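Residue numbers (UniProt numbering): 1 to 384.
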């Protein structure tokens with residue numbers, strides 16, 4: 001057996017269904033206030049016994065991922081609740097359930113955030129950054145010092161860096177535009193890495209780490225799937241990928257619809273195409289390994305062929321894609337609508353969607369030997 005194939009052998013020692021599929025990864029897309037949807041997904045996963053070994057996130061997904069990785073499993077939902085309650089805007093009089101009045105309420109709620117900042121999260125910078133500044137960290141409309149303090153209260157860095165779970169956070173180098181991942185497997189994660197992954201310009205300032213300046217990873221790729229599927233050494237993985245923007249949607253009929261559709265397409269990060277590209281690449285890896293195993297033993301001793309075989313693998317990647325679907329009353333400003341009503345609805349939606357998928361558990365079905373990546377999605381009609 002080639003070492004690339006041996007990498008999955010130890011994964012079958014635990015006879016639980018999820019364990020037989022390898023590690024469990026949770027990939028969290030960025031999307032501001034829409035990130036509450038991911039809290040509901042985690043709740044459903046924990047109830048079903050699917051505890052992630054690896055958290056990967058970008059922007060608000062990075063914050064959620066860090067809170068999850070930085071707390072014991074029994075404390076994760078509690079700390080996530082504390083975070084989201086702390087950044088939600090209280091609405092003592094309630095809100096209309098649907099229709100034009102609800103759209104007006106959503107617009108008002110988002111305007112409150114844009115105009116005054118979000119308590120517990122960020123505030124307007126004073127003075128405003130209208131003039132050139134030698135201080136790069138001052139080039140933003142808002143200051144996220146409240147977020148930095150909150151992260152210190154609810155995230156245990158020692159737990160993140162203990163190796164008990166893995167955390168990967170997407171960011172972008174300002175000077176090169178290069179997508180990078182801060183990864184607890186290869187470096188010590190600090191609060192500054194979390195802040196850098198959530199530093200979306202021009203709202204938030206870049207973050208300096210070891211002499212380099214970083215912005216939100218969503219600028220290049222809002223879905224940190226690459227870091228999981230391209231891992232080395234490769235391992236079979238059950239990957240729950242939680243998208244906050246849906247690339248599919250109806251034709252717009254108003255300028256507001258145009259703005260909402262534009263934002264969805266941009267920040268959906270072409271998830272569907274990226275998954276298909278990963279599937280094609282991973283199927284080729286399986287083909288490489290099948291060809292190597294078909295060689296006679298004497299040919300398998302050839303160092304050159306062994307090096308080529310390192311490009312192959314026998315792992316299987318199950319990608320379970322859950323997507324937050326925009327409600328008719330949501331606007332282009334939905335990602336900064338932090339009303340407690342909207343936050344609660346998104347948590348409930350994430351829980352319902354994840355529960356519907358977990359009731360099926362299609363990843364437990366047999367997979368043909370020539371298939372390397374299997375995609376699982378809910379039909380649209382089953383989402384609500």
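Cβ coordinates follow ideal geometry from the N, Cα and C atoms, glycine included.
These numbers were taken from a predicted model, which means no experiment stands behind them.
(request) Tell me, please, whether the stretch 341-360 touches the stretch 127-139 by the rule of three or more beta-carbon pairs shorter than 8 angstroms. (result) no
(request) Indicate whether residue 64 and residue 80 have their beta-carbon atoms separated by less than 8 angstroms. (result) Looking up residue 64 in the chain shown gives position 64. Looking up residue 80 in the chain shown gives position 80. Yes, these two residues count as a Cβ contact at 8 angstroms.
(request) Report yes if the CB atom of residue 308 is closer than 8 angstroms to the CB atom of residue 299, and no otherwise. (result) Here residue 308 refers to the residue found at position 308 when the chain shown is read from its first residue. Here residue 299 refers to the residue found at position 299 when the chain shown is read from its first residue. Going by C-beta atoms, residue 308 is not nearer than 8 angstroms to residue 299.
(request) Decide if the stretch 182-193 is in contact with the stretch 155-163; the criterion is three or more beta carbon pairs, one per stretch, under 8 angstroms apart. (result) yes
(request) Out of 50, 84, 25, state which residue places its alpha-carbon closest to the alpha-carbon of residue 37. (result) Working through the chain shown from its first residue, we reach residue 37 at position 37. Measuring from the Cα of residue 37, the nearest candidate turns out to be 84.
(request) Go ahead and label residue 150 buried or exposed: buried means 16 or more other beta carbons lie within 10 angstroms of its beta carbon, across all protein chains shown. (result) Sequence index remark: in the chain shown, residue 150 carries index 150 (1-based). The residue is buried, with at least 16 neighbouring Cβ atoms inside 10 Å.
(request) Could you tell me how far apart the beta carbons of residue 95 and residue 337 are, in whole angstroms, since I believe they sit closer than 8 angstroms? (result) By one-based count along the chain shown, residue 95 stands at place 95. By one-based count along the chain shown, residue 337 stands at place 337. With a Cβ gap of about 11 angstroms, residue 95 and residue 337 do not count as contacting.
(message) Can you list, in chain order, the residues of its chain with a C-beta nearer than 8 angstroms to that of residue 66? Leave out the 5 residues immediately preceding and following it.
(response) Here residue 66 refers to the residue found at position 66 when the chain shown is read from its first residue. Counting only Cβ-Cβ distances below 8 angstroms, and skipping sequence neighbours, we find 55, 57, 151, 155, 160, 167, 169, 189, 194.
(message) In this structure, how does DSSP classify residue 186 when only helix, strand and coil are distinguished?
(response) To locate residue 186, count along the chain shown from 1; it is residue 186. Note: residue 186 maps to coil in three-state DSSP.
(request) Inspect the beta-carbon positions of residue 237 and residue 69 and report whether they are closer than 8 angstroms. (result) Here residue 237 corresponds to residue number 237 of the chain shown, with the count starting at 1. Here residue 69 corresponds to residue number 69 of the chain shown, with the count starting at 1. No, Cβ-Cβ distance for residue 237 and residue 69 is not below 8 angstroms.
(message) Could you compute how far the alpha carbon of residue 241 sits from the alpha carbon of residue 178?
(response) Residue numbering aside, residue 241 sits at position 241 when the chain shown is read from its first letter. Residue numbering aside, residue 178 sits at position 178 when the chain shown is read from its first letter. Approximately 23 angstroms, taken between the alpha carbons.
(message) If I follow the unbroken beta strand (DSSP E) through residue 214, where does it start and stop?
(response) Taking the first residue of the chain shown as position 1, residue 214 is located at position 214. It spans 212-216 - the beta strand (DSSP E) in which residue 214 sits, taken as one unbroken run.
(request) Hey, could you find the ends of the beta strand (DSSP E) residue 26 is sitting in? (result) Here residue 26 refers to the residue found at position 26 when the chain shown is read from its first residue. Residue 26 -> beta strand (DSSP E) spans 23-28.
(request) Decide yes or no for the touch test of the stretch 247-259 against the stretch 324-332: beta carbon pairs closer than 8 angstroms, at least 3 of them. (result) yes
(message) Need the endpoints of the alpha helix (DSSP H) that residue 238 sits in, please.
(response) Counted from its first residue, the chain shown places residue 238 at position 238. Per DSSP, residue 238 belongs to no alpha helix (DSSP H); it is in the beta strand (DSSP E), 237-243.
(request) Would you kindly work out how many angstroms separate the C-alpha atoms of residue 217 and residue 228, rounded to a whole number? (result) In the chain shown, counting from the first residue as 1, residue 217 sits at position 217. In the chain shown, counting from the first residue as 1, residue 228 sits at position 228. Annotation: residue 217 to residue 228 spans about 15 angstroms, alpha carbon to alpha carbon.
(message) Measuring CB atoms only, is the stretch 254-264 touching the stretch 35-53, in the sense that at least three cross pairs come out at less than 8 angstroms?
(response) no
(request) Give a yes or no on whether the C-beta atoms belonging to residue 334 and residue 28 are separated by under 8 angstroms. (result) Start at 1 with the first residue of the chain shown, and residue 334 comes out as number 334. Start at 1 with the first residue of the chain shown, and residue 28 comes out as number 28. For residue 334 and residue 28, no; Cβs fall outside 8 angstroms.
(request) Can you grab the Cα-Cα spacing for the pair residue 347 / residue 202, in whole Å? (result) Looking up residue 347 in the chain shown gives position 347. Looking up residue 202 in the chain shown gives position 202. Computed Cα separation, rounded: 27 angstroms.
(request) Determine the direct distance from the alpha carbon of residue 368 to that of residue 293, and round the result to whole angstroms. (result) Along the chain shown, one-based indexing puts residue 293 at 293. Along the chain shown, one-based indexing puts residue 368 at 368. The alpha-carbon atoms of residue 293 and residue 368 are separated by roughly 17 angstroms.
(message) My output table needs one value for residue 377: the three-state DSSP class, helix, strand or coil.
(response) Taking the chain shown and counting its residues from 1, the one referred to as residue 377 is at position 377. In the structure shown, residue 377 sits in a strand (DSSP, three-state: E or B).
(message) Can you give me the C-alpha to C-alpha distance between residue 196 and residue 378, rounded to a whole angstrom?
(response) As a working mapping, residue 196 is identified with position 196 in the chain shown. As a working mapping, residue 378 is identified with position 378 in the chain shown. Approximately 33 angstroms, taken between the alpha carbons.
(message) Starting from residue 56, trace the beta strand (DSSP E) in both directions and tell me its first and last residue.
(response) Residue numbering aside, residue 56 sits at position 56 when the chain shown is read from its first letter. Element bounds for residue 56: 54-57.
(request) Taking residue 341 and residue 375 to be in contact with their CB atoms under 8 angstroms, please state how far apart those CB atoms are, rounded to whole angstroms. (result) Position 341 of the chain shown, counting from 1, holds the residue named residue 341. Position 375 of the chain shown, counting from 1, holds the residue named residue 375. Actually they are not in contact, since the Cβ atoms of residue 341 and residue 375 sit about 33 angstroms apart, beyond 8 angstroms.
(request) Count the other C-beta atoms from every protein chain shown that fall within 10 angstroms of the C-beta of residue 175, then say buried if there are 16 or more, exposed otherwise. (result) Within the chain shown, numbered from 1, the residue matching residue 175 stands at position 175. With fewer than 16 neighbouring CB atoms inside 10 Å of its own CB, residue 175 falls in the exposed class.
(message) Checking 8 angstroms against the spacing of the C-beta atoms, do residue 31 and residue 267 come in under that value?
(response) Looking up residue 31 in the chain shown gives position 31. Looking up residue 267 in the chain shown gives position 267. Yes, these two residues count as a Cβ contact at 8 angstroms.
(request) Let me know the secondary structure DSSP gives residue 118 once reduced to three states. (result) Looking up residue 118 in the chain shown gives position 118. Reduced to three states, the DSSP call for residue 118 is strand.
(message) Going by DSSP in three states, residue 171 sits in which element: helix, strand or coil?
(response) As a position in the chain shown, residue 171 is number 171, starting the count at 1. Residue 171: strand per DSSP, three-state reduction.
(request) Can you tell me which of 41, 286, 173 puts its alpha carbon nearest to the alpha carbon of residue 210? (result) For this step, residue 210 is matched to residue 210 along the chain shown. Closest option to residue 210, Cα to Cα, is 173.
(message) So, for residue 213: in the same chain, excluding its five sequence neighbours on each side, which residues have a beta-carbon less than 8 angstroms away from its beta-carbon?
(response) Translated into positions along the chain shown, residue 213 becomes position 213. Same-chain partners within the cutoff: 136, 173, 174, 175, 206, 207.
(message) Less than 8 angstroms between the C-beta atoms of residue 330 and residue 106, yes or no?
(response) Walking along the chain shown from the start, residue 330 turns up at place 330. Walking along the chain shown from the start, residue 106 turns up at place 106. Taking 8 angstroms as the Cβ cut-off, residue 330 and residue 106 qualify as a contacting pair.
(request) Classify residue 220 as helix, strand or coil using the three-state DSSP reduction. (result) Stepping through the chain shown from its first residue, residue 220 is reached at position 220. Looking at residue 220 - three-state DSSP - the assignment turns out to be coil, as it is neither helix nor strand.
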